[in-house]
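Structure first, commentary second.
Numbering (this note's numbering), first residue to last: 47 to 527.
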């Protein structure tokens with residue numbers, strides 16, 4: 047009963063026909079790892095001191111006793127609120143707490159995806175049949191939380207998508223923040239620009255919250271930005287987008303292998319092995335220290351190897367010509383109008399300014415438009431009004447070394463992509479004249495594998511790391527503020 051859920055869980059699941067059990071998540075204390083490592087670390091220090099004062103037997107016993115005691119504290123003592131289990135099944139879940147009748151719910155009773163509450167805890171709202179009020183089920187406190195959230199979203203997602211699909215087919219406009227989806231296509235809410243389904247070239251969900259849409263025949267993304275309930279929006283787009291033409295690859299959705307049961311089992315085994323290895327190393331430290339202290343003084347010790355400092359040659363500076371020959375300016379004259387939306391500022395990166403744009407200067411902040419729009423800084427740096435944009439950050443990408451492998455499955459096959467380092471050059475131009483104000487270079491630090499791949503053709507062979515919001519903020523601050 048300490049580790050296994052009560053028998054009422056299986057009874058409730060059978061009564062609602064929830065199907066086979068997929069995974070079990072148990073409530074743990076909020077500080078198990080901190081407690082274990084503090085206890086073991088303190089034991090190691092005391093063990094070394096025991097060896098120094100001539101009590102080796104005490105030192106040998108301290109580490110395993112401390113490790114076992116801390117593990118018992120973390121795993122056996124119930125957390126605040128009592129023991130709790132959440133068992134995920136194919137068609138729903140059971141939430142059981144000691145001394146309380148379990149909550150049995152089917153996925154169709156869940157009103158929406160996992161959302162953070164006012165206190166920051168992640169939860170779902172469940173409205174069982176016949177209940178007067180919905181029940182809020184908090185997921186925080188159950189471990190591993192990331193796997194649990196993924197399992198709940200995989201169960202709830204198809205139900206929510208089916209609701210949105212029925213609304214769209216009934217002629218309703220389903221909005222997801224800056225995007226709206228209809229039976230005929232997608233629409234940017236900011237400017238009303240519509241993209242019919244037949245012109246949608248690619249769809250991607252990045253990091254579970256950002257959607258990138260490509261338009262047929264265009265290199266730049268038609269839309270790229272954060273979207274609330276992005277996974278639901280992707281599922282709705284996949285359901286409404288017409289089937290691929292004969293002879294083209296079938297549309298497939300690829301999800302990370304770690305979401306599968308085998309992937310979760312591999313992750314758990316890996317965590318357990320790492321924890322065991324860490325405890326073994328800590329347990330061996332006192333013995334190693336004792337052996338080092340008891341070593342004869344006349345034993346030869348290897349000489350320390352001095353580090354070698356390698357200095358790269360300094361390139362000779364390029365000297366300007368004393369009499370430079372004037373060359374005609376290659377920057378075309380400013381365009382005589384403003385773009386209709388901020389997305390129309392792309393020509394600035396090609397050297398074409400907009401005469402109606404705000405002049406760069408005056409009181410900060412100076413509103414900026416990042417051409418690729420992959421991340422954002424503080425909200426006060428940006429504006430949806432094209433007339434307020436003063437500078438445009440043009441993004442140039444160079445691919446670097448391979449950082450890791452991203453593994454997916456779906457469509458009846460496995461897909462492995464390389465995650466490569468993205469090296470970005472931000473060319474800062476004035477929106478009014480396209481004049482270059484400055485340049486800065488950053489390496490993309492966000493190397494998380496894409497949460498999901500979607501498209502009517504083979505997935506790309508590579509993924510590229512992108513800058514974080516903090517990196518963009520640091521790179522642009524001197525120009526915006």
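Just so you know, even glycine gets a beta-carbon here, dropped at the ideal spot from N, CA and C. Here the structure is a predicted model, which is why all the values come from computation and not from measurement.
In DSSP terms, what residue i is bridged to
| i | result |
| --- | --- |
| residue 171 | 182 |
| residue 482 | 475 |
| residue 143 | 130, 146 |
| residue 452 | 463 |
| residue 437 | 414, 476 |
| residue 70 | 133 |
| residue 257 | 251, 271 |
| residue 488 | 470 |
| residue 221 | 226 |
| residue 108 | BP columns for residue 108 are empty, so no partner. |
| residue 188 | 73 |
| residue 151 | 139 |
| residue 161 | 169 |
6 angstroms CB neighbourhood of residue i in its chain, flanking five on each side removed
| i | result |
| --- | --- |
| residue 108 | 89, 92, 93 |
| residue 140 | 55, 58, 59, 133, 148, 150 |
| residue 372 | Bear in mind that the predicted position of residue 372 carries a pLDDT of just 49, short of 50, making it too unreliable to give a figure here. |
| residue 155 | 172, 173, 174 |
| residue 490 | 468, 511, 512, 513 |
| residue 488 | 470, 513, 517, 521 |
| residue 240 | 231, 233 |
| residue 206 | 278 |
| residue 65 | 135, 136, 137 |
| residue 130 | 73, 143 |
| residue 450 | 465 |
| residue 255 | 272, 276 |
Classification of residue i by the beta-carbon crowding that lies within 10 angstroms, buried from 16 upward
| i | result |
| --- | --- |
| residue 72 | buried |
| residue 507 | exposed |
| residue 479 | buried |
| residue 84 | exposed |
| residue 430 | exposed |
| residue 275 | buried |
| residue 482 | exposed |
| residue 515 | exposed |
| residue 144 | exposed |
| residue 347 | Low local confidence applies: a pLDDT of 43 at residue 347 is under 50, so the model's placement there is unreliable, and no value is given. |
| residue 242 | exposed |
| residue 394 | buried |
| residue 263 | exposed |
| residue 417 | buried |
| residue 271 | buried |
| residue 178 | exposed |
| residue 443 | exposed |
| residue 146 | exposed |
Neighbourhood of residue i by C-beta, 8 angstroms cutoff - its chain only, sequence neighbours within 5 removed
| i | result |
| --- | --- |
| residue 383 | 400, 401, 402 |
| residue 249 | 257, 258, 259, 260, 280, 283, 284, 287, 500, 501 |
| residue 199 | 159, 160, 277 |
| residue 445 | 466, 467, 468, 469, 508, 510 |
| residue 61 | 150 |
| residue 452 | 302, 462, 463, 464, 465, 495, 496, 509 |
Contact belief for residue i with residue j at Cβ below 8 angstroms, rounded distance in angstroms
| i | j | result |
| --- | --- | --- |
| residue 496 | residue 265 | 19 angstroms between Cβ atoms; not a contact. |
| residue 136 | residue 188 | The Cβ separation is near 19 angstroms, so there is no contact. |
| residue 439 | residue 472 | 5 angstroms |
Distance between residue j and residue i (C-alpha atoms, nearest Å)
| i | j | result |
| --- | --- | --- |
| residue 244 | residue 284 | 13 angstroms |
| residue 234 | residue 163 | 28 angstroms |
| residue 193 | residue 98 | 46 angstroms |
| residue 182 | residue 168 | 10 angstroms |
| residue 391 | residue 128 | 57 angstroms |
| residue 434 | residue 180 | 45 angstroms |
| residue 176 | residue 142 | 20 angstroms |
| residue 190 | residue 215 | 38 angstroms |
| residue 409 | residue 396 | 27 angstroms |
| residue 267 | residue 197 | 31 angstroms |
| residue 463 | residue 114 | 42 angstroms |
| residue 414 | residue 51 | 54 angstroms |
| residue 426 | residue 203 | 34 angstroms |
| residue 201 | residue 211 | 17 angstroms |
| residue 63 | residue 152 | 9 angstroms |
| residue 103 | residue 95 | 12 angstroms |
| residue 448 | residue 101 | 51 angstroms |
| residue 184 | residue 70 | 15 angstroms |
| residue 209 | residue 218 | 11 angstroms |
| residue 87 | residue 106 | 14 angstroms |
Close-in-space but distant-in-sequence residues of the same chain around residue i (CB under 7 angstroms, 5 per side omitted)
| i | result |
| --- | --- |
| residue 186 | 167, 168 |
| residue 437 | 406, 412, 414, 474, 475, 476, 477, 483, 525 |
| residue 388 | 415, 430, 432, 435 |
| residue 157 | 171, 173, 180 |
Cβ of residue i within 7 angstroms of any chain D Cβ
| i | result |
| --- | --- |
| residue 267 | Here there is only one protein chain, and chain D is not present. |
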